[in-house]
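*Asks:*
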DNA sequence: GTCTATAATCCGATAGAC
DNA sequence: GTCTATCGGATTATAGAC
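Protein chains in written order, with this note's numbering: chain A, 4 to 213; chain B, 4 to 213.
1) How about residue 163(B): is its C-beta nearer than 8 Å to some C-beta of chain A?
2) By the 10 Å Cβ neighbour count, where 16 or more other Cβ atoms means buried, how is residue 79(A) classified, buried or exposed?
3) Using 8 Å as the Cβ pair cut-off and three pairs as the minimum, do the region 86–96 of chain A and the region 68–76 of chain A touch?
4) Grouping DSSP H, G and I as helix and E and B as strand, with all else coil, what is residue 97(A)?
5) At 7 Å on the CB atoms, spell out the chain A contacts of residue 1(B), in chain order.
6) At 3 residues or longer, what runs of the beta strand (DSSP E) sit wholly inside the region 113–192 of chain B?
7) Buried or exposed for residue 12(A), please, with buried defined as at least 16 other CB atoms from any protein chain shown within 10 angstroms of its CB.
8) Do we get a CB-CB distance below 8 Å when we pair residue 93(B) with the residues of chain A?
9) The alpha helix (DSSP H) with residue 59(A) in it runs from where to where?
10) Could you name the residues of the same chain whose beta carbon sits closer than 6 Å to that of residue 165(A), not counting the 5 residues immediately before and after it, in chain order?
11) Mind checking whether residue 158(B) and residue 111(B) have CB atoms under 8 Å apart?
12) What did DSSP end up calling residue 81(B) once you bin it into helix, strand or coil?
13) Give the straight-line distance between the Cα atoms of residue 10(B) and residue 51(B), rounded to the nearest whole angstrom.
14) Whose C-beta lies closer than 7 Å to the C-beta of residue 126(B) among residues of the same chain, with five residues either side of it excluded?
15) I need the straight-line Cα distance from residue 19(B) to residue 63(B), nearest angstrom please.
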């Protein structure tokens, strides 16, 4: 069946990318891994760029699965915090998959992203928007404009750490990074809302403190 | 002279990268631009990877020059805000130079960065640390732990915008982005310190509000 | 010492036979 | 769907001319 082969190719492609990185990834090596010759791949994927886009889609899918675990938590605040920590977990445990999510268009070819992949990217953004909206409704966050702020802070911290740009400050291990990240997030959250400042959690909706 | 040729090669390499991006960059095209044959380049640079590292160094140098303009401002707070806005200006006006600063190691080859380039990266971080420390001394910011927080927020916002990850929220023009970024930064700063919350600016040290 | 010329090796992608 | 054969182009090393 066609989609079966496609799937096997994508699995091998993902593993190959995870093992050898971006510049070790070639259609010929992929063909060797799959056990066919290179031209056969073009029956399933239009181009190398196309395969890379699908790897990106796969990465989004895995990230989404990780994020959805947060929905098991009981309160909006817990769901939000677990979504953020799940996001960081994913990035630290799968740095290459995380990197491919934000690769500059310059490096993946000039072509547009397939709609399906773009939709998966939007879904991740939407997930955070929903978590934030929940928190706003519960009085934990001040307003729903903070979603980009919080996402940017999280992505920025992870991104700078993964590129070793924090080693100069002694932040050179995952453990140390988590400490710094938690502290930074708490700092940002305290300012961004919660009963401490703007919103009175008079209803006493349980999960107030960071 | 040797270093003269090296410099000319680097200039051409930077222009070529700016024009054609990462995957349009090749040693052959570079040689054509310079006016020599490809193998001649290897007398001056050990590899393509080496040239890319030097482009990264050049990008850091230009960013530093932009940042240093902030030192012309009179107060710590003004210097800090202008450093941040200069940082954003640089990123929006030179998106490809900004991208090369944070390119994943996976995509530039496995080799380590030259020490000189790494030092230039540290210098940028140090510059922000200094601006923050100044602000702490002036009572504008609460403590100097916020430097990574602010840098991460700034880099995260810029990075997500440049990758089109904010278009889904209608943030698809530089003007709109600047609005959102300013609002987000102000939000973060209000929480992170200043007379409004933690620190009383009783001395009334002039530059208090964002 | 600096550059050129040649060549080995790999890559992406296509055409056409089975 | 897969193969063989092949094209055009890229990186990189080596050998030799100025």
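Note that the Cβ used here is the ideal one computed from N, Cα and C, for glycine as well.
What you are looking at is a predicted structure, and each value in this text was computed from that prediction instead of being measured.
*Replies:* This is what the structure holds:
1) yes
2) buried
3) yes
4) coil
5) Outside the displayed range of chain B (4 to 213) lies residue 1(B), so it cannot be described from this structure.
6) none
7) buried
8) no
9) 51–71
10) 98
11) no
12) helix
13) 15 Å
14) 67
15) 17 Å
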